[in-house]
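Novice: There's a structure below that I have some questions on.
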Amino acid sequence: MGAQFFNLCRSRGIQGSNTDFLICACSVKWRLPILSKGKDYLGYKELLPVELLQPRGI
4 MGAQFFNLCR
14 SRGIQGSNTD
24 FLICACSVKW
34 RLPILSKGKD
44 YLGYKELLPV
54 ELLQPRGI
């Protein structure tokens, strides 16, 4: 699934790391949100069925 996410995003011009797409795949498979300050995940969310949680200021 991670490779499919990589290929889909890459075909639409969105680049990301293998690790990011593995995290997305695990998130979808286990129905868990992703908690990250990384702005890359906002781009992935446009194409992938991931749920994001934005951390509040620390």
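Quick note: to get our numbering, add 3 to the position in the sequence shown (first position is 1). Even glycine gets a Cβ: it sits at the ideal position worked out from N, Cα and C. In this text the structure is predicted, and so the values were computed from the model without any measurement.
Once the 5 residues before and after residue 28 are set aside, which same chain residues still bring their CB inside 7 Å of it?
Specialist: Locating residue 28 in the sequence shown gives position 25, where the first residue counts as 1. Closer than 7 Å at Cβ, skipping near neighbours: 4, 5, 8.
Novice: To the nearest angstrom, how far is the alpha carbon of residue 56 from that of residue 39?
Specialist: The sequence position of residue 56 within the sequence shown is 53, counting from 1. The sequence position of residue 39 within the sequence shown is 36, counting from 1. In a straight line, the C-alpha of residue 56 is about 7 Å away from that of residue 39.
Novice: Apply the 10 Å Cβ neighbour rule to residue 45 and answer buried if 16 or more other Cβ atoms are within range, or exposed otherwise.
Specialist: Locating residue 45 in the sequence shown gives position 42, where the first residue counts as 1. Result: exposed.
Novice: What does the alpha-carbon distance come out to for the pair residue 42 and residue 58?
Specialist: The residue you call residue 42 lines up with position 39 of the sequence shown. The residue you call residue 58 lines up with position 55 of the sequence shown. For residue 42 and residue 58, the distance between alpha carbons rounds to 12 Å.
Novice: Report the rounded CA-to-CA distance for residue 16 versus residue 54, giving the unit in angstroms.
Specialist: If you number the sequence shown from 1, residue 16 lands on position 13. If you number the sequence shown from 1, residue 54 lands on position 51. For residue 16 and residue 54, the distance between alpha carbons rounds to 21 Å.
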